[in-house]
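Residue numbers (our numbering): 243 to 342. We treat Cβ as the ideally placed atom computed from N, Cα and C, and that holds for glycine. As the structure is a computational prediction, the values presented were derived from the model and not from experiment. Comments concern the structure below.
Take a look at the structure:
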């Protein structure tokens, strides 16, 4: 049996500050005796690319799609989204480095 300290499988940083919230985050799993039995790391990372190196995102027609911009910058970065250099469609919801 593993003690559950939280129910969320994701860490959400509200009102993230790119100058302070970048870096490596650690999640630990403990047994009932508080002994660490597992550790996972996640890094806020950045990838710079050009339109010629765009990744192909495949999804079924009429389904939700999520695009992720891999970002890493010291001291942080601000992510902005456009479509072909113009505004996003009204149904697109930018959430930091994710576009839903």
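To which residues does DSSP link residue i through a beta bridge?
i	result
residue 336	341
residue 328	325
residue 282	269
What span of residues does the beta strand (DSSP E) with residue i cover, start to end?
i	result
residue 272	265 to 272
Check whether the Cβ atoms of residue i and residue j sit closer than 8 angstroms, and answer yes or no.
i	j	result
residue 279	residue 271	yes
residue 309	residue 341	yes
Return the residue from the list the options that minimises the CA-CA distance to residue i.
i	options	result
residue 281	269, 340, 338	269
residue 305	334, 339, 274	334
Taking the beta carbon of residue i as the centre, do at least 16 other beta carbons fall within 10 Å, making it buried, or is it exposed?
i	result
residue 287	Caution applies to residue 287, whose pLDDT of 44 falls short of 50 and renders its modelled position unreliable; the value that the coordinates give is listed next. That one is exposed.
Looking at chain C, is there any beta carbon in it that lies within less than 8 angstroms of the beta carbon of residue i?
i	result
residue 275	Among the protein chains of the structure shown there is no chain C, as only one such chain exists.
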